[in-house]
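Participant: Starting off with a structure, shown below.
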Amino acid sequence: MNSDDFFTLGYISKKRGYRGDVIINLDVDDPQKYRKIKTIYIKNDGIFVPYILSSLKLFKENKIIVHIDTIDSEQTATYFLQKKIYLPIKLLPKLDGKKFYFHEIIDFIAIDKNFGKIGMINSVINENIQPLFVIKSKKKEILIPINDDIIKSIDRIKKIIYLECPNGLIELYI
-5 MNSDDFFTLG YISKKRGYRG DVIINLDVDD PQKYRKIKTI YIKNDGIFVP YILSSLKLFK
55 ENKIIVHIDT IDSEQTATYF LQKKIYLPIK LLPKLDGKKF YFHEIIDFIA IDKNFGKIGM
115 INSVINENIQ PLFVIKSKKK EILIPINDDI IKSIDRIKKI IYLECPNGLI ELYI
């Protein structure tokens, strides 16, 4: 399995108690959807290593307390602090409507209401406040902000995302 087969669930933020329990800060919208997981993955030397959970409790807003079978002491738990936690991508809840995961819309065709076919979504830039679609057109790379006002609909079967970009935005690139 490689990195494309996993998503980041969160990271181990703290130790809790003397038995080796740890607190995981979750990077998800709805922690309730993950309350029944039995296995987590931690990347070790580029390999995703599975760890079996013997207990999991929801804790505060976006945190869970877990006991990993192989961690039996507070000292052992120290090694795992700040490690990212992964799950197989197939465990992501399905989204519908205008909601999507960034990895899901790669290679979708972007069509603007006024301009027509823009090109194919090549990647997503998510390094600042405003995530951007990176769309490869015949002539250039076009950056389109990702927001609900611009995204009109998504056809997951045809792999098309319909947009209504502000006047002049696409023309800046062409």
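Numbering (my numbering), first residue to last: -5 to 168. For each residue, glycine too, the CB sits at the ideal point set by N, CA and C.
Given this structure, state the Cα-to-Cα distance separating Ile36 from Leu166, to the nearest angstrom.
Facilitator: Roughly 43 angstroms between the two C-alpha positions.
Participant: Leaving out five residues before and five after Leu81 in sequence, what residues of the same chain have Cβ atoms less than 7 angstroms from its Cβ?
Facilitator: If we look at Leu81 and ignore the five residues flanking it on each side, its Cβ neighbours are Phe0, Phe1, Leu3, Ile31, Ile34, Tyr35.
Participant: Can you confirm whether the segment 100 to 113 touches the segment 43 to 58 when touching is taken to mean that 3 or more C-beta pairs between the two stretches lie within less than 8 angstroms?
Facilitator: No, because fewer than three Cβ pairs between the segment 43 to 58 and the segment 100 to 113 fall closer than 8 angstroms, the two stretches do not touch.
Participant: Since Phe53 is in the beta strand (DSSP E), which residue starts that stretch and which ends it?
Facilitator: First-last of the beta strand (DSSP E) with Phe53: 41 to 53.
Participant: Nearest-angstrom Cα distance between Asp21 and Asp63?
Facilitator: Approximately 23 angstroms, taken between the alpha carbons.
Participant: Around the Cβ of Asp169, are there at least 16 other Cβ atoms within 10 angstroms (buried) or fewer (exposed)?
Facilitator: No information on residue 169 is available, as it lies outside the stretch -5 to 168 that the chain covers here.
Participant: Given Pro139, which residues of its chain have a CB within under 7 angstroms of its CB, disregarding the five upstream and five downstream residues?
Facilitator: Contacts found: Gln124, Leu126.
Participant: Is there contact here, the segment 79 to 95 with the segment 139 to 151, by at least three beta-carbon pairs under 8 angstroms?
Facilitator: These segments touch.
Participant: Assuming Ile155 and Ile99 form a contact by the criterion Cβ under 8 angstroms, report the distance between their Cβ atoms to the nearest whole angstrom.
Facilitator: Right, their Cβ atoms sit about 6 angstroms apart.
Participant: Of the choices Ile148, Ile168, Glu158, whose alpha-carbon is the least far from that of Lys134?
Facilitator: Per the Cα distances, Ile168.
Participant: Could you give the C-beta distance for Lys78 and Ile17, rounded to a whole number, given that I count them as a contact under 8 angstroms?
Facilitator: About 14 angstroms separates the two Cβ atoms, so there is no contact after all.
Participant: Please go through the same chain and pick out, in chain order, the residues whose beta-carbon is closer than 7 angstroms to the beta-carbon of Ser(-3), but skip the five residues on each side of it.
Facilitator: Same-chain partners within the cutoff: there are none.
Participant: Rounded to a whole number of angstroms, what is the C-alpha to C-alpha distance between Phe96 and Val118?
Facilitator: Whole-angstrom Cα-Cα distance: 7 angstroms.
Participant: So the alpha helix (DSSP H) Tyr73 belongs to, where does it begin and stop?
Facilitator: Segment 68 to 74, the alpha helix (DSSP H) holding Tyr73.
Participant: Is it the case that the Cβ atoms of Ser67 and Gly14 are separated by a distance below 7 angstroms?
Facilitator: Yes, these two residues count as a Cβ contact at 7 angstroms.
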